[in-house]
Amino acid sequence: NLPMAMKFRQLKLTSKYSVGVYRSLIHGRGLFCLRDIEAGEMVIEYAGEVIRSILTDKREKYYNSKGIGCYMFRVDDNFVVDATMKGNAARFINHSCDPNCYSRVVEILGHKHIIIFALRRILSGEELTYDYKFPFEEDKIPCTCGSRKCRKFLN
Amino acid sequence: TVLLALHDRASQLKISEDRLAVTGEKGYSTVRATHSVTKGTWYWEATIEEMPEGSATRMGWGQDYANLQAPLGYDKFGYSWRSKKGTTFHESVGKHYSPGYSEGDTLGFMIVLPQNN
Amino acid sequence: WSAFAPDFKELDENVEYEERESEFDLTDE
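Heads up: the protein sequence lines correspond to chains C, U and Y, in order.
Residue 118 in our numbering sits at position 118 of the first sequence, with consecutive numbering throughout.
Residue 168 in our numbering sits at position 13 of the second sequence, with consecutive numbering throughout.
Residue 296 in our numbering sits at position 24 of the third sequence, with consecutive numbering throughout.
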């Protein structure tokens, strides 16, 4: 029942011990739980470089030209967190159509943060996933989450 | 009266109470005036009141579709004159024009449009 | 995992990107 700001301050310390990046059978790499996490608990912040939205297209083109996978997360109309070159373990969290986590943009002391929360109780050793909620597009990207509720396409 | 527009600007820019001065910070963004022109010859001036170390301006003429979250001269909808090195910009391409300008300078911008459209 | 990408920098928290004056430019003079 701690206020959000206090929980967030603790998160920086606790997330290093509660989650880690390991090999994922489905996706190659993924974020995994190192201890049991309760439903609704803050798991990790999706941290990275905060950039203005207008810079995303240029960055995406640059990363694509170098064959670098893009890890970006929209905060709001004006800002995006780009974790491609600077970030934390959260950038490795994979998509699932039947996820065990969800993301929320939370404003704490005047700054917005993307925080991953547990949708349900997650047991130690489980891979953490959330629904990327890509916008609908004509060019489809197949989904490989392998869940029974799989929507077949990411977008 | 031509003033800096309150609703035709990047929201992070600070407009003075008399709407004749603007202060920016961090990355480039744009504010436009309340009035536009479509034909004939027009001219406006601005004075640089303060230009701290590391800051710069790009001023000029821009169309409606110019991106306000970028400097003027970023796209095909604007033409600007930069304080640093006096470079002009259009479509993000810089060309040498004059020496640079700075605090205390007054810059003038003239546009010559056809009289009939 | 940060060893996979030598240029990658691991962060504890968000960092604000500081835009350069030439951030939007294709070419200078």
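Using N, Cα and C, we set each Cβ at its ideal position, and we do this for glycine too.
As DSSP reads the structure, A118/C sits in a beta bridge with C101/C. Under DSSP, no beta-bridge partner is assigned to E285/Y. In the three-state scheme derived from DSSP, where H, G and I count as helix and E and B as strand, S18/C is classed as helix. When Cβ pairs closer than 8 Å are counted between the two stretches, the stretch 74–87 of chain C is seen not to touch the stretch 120–128 of chain C, the count staying below three. With three or more CB-CB distances shorter than 8 Å, the stretch 92–105 of chain C counts as touching the stretch 137–155 of chain C. Using a CB distance below 9 Å, the part of the stretch 283–299 of chain Y facing chain C consists of L283, D284, E285, N286, V287, E288, Y289, E291, E295, F296, ordered along the chain. The alpha carbon of F8/C has as its nearest neighbour, out of Y71/C, E41/C, K140/C, the alpha carbon of E41/C. The straight-line gap separating the alpha-carbon atoms of K16/C and T129/C is approximately 17 Å.
DSSP, read as helix, strand or coil, puts D131/C in coil.
Between W236/U and M214/U, the beta carbon gap of about 6 Å places them in contact (Cβ cut-off 8 Å).
For K240/U, there is no enclosing alpha helix (DSSP H), as DSSP marks it with neither H nor E.
For the pair of segments examined, the stretch 218–227 of chain U was found to touch the stretch 175–195 of chain U: the number of CB pairs separated by less than 8 Å reaches three. Going by DSSP, Y63/C is part of the alpha helix (DSSP H) stretching over 56–65.
Taken through DSSP and simplified to helix, strand or coil, S53/C comes out as helix.
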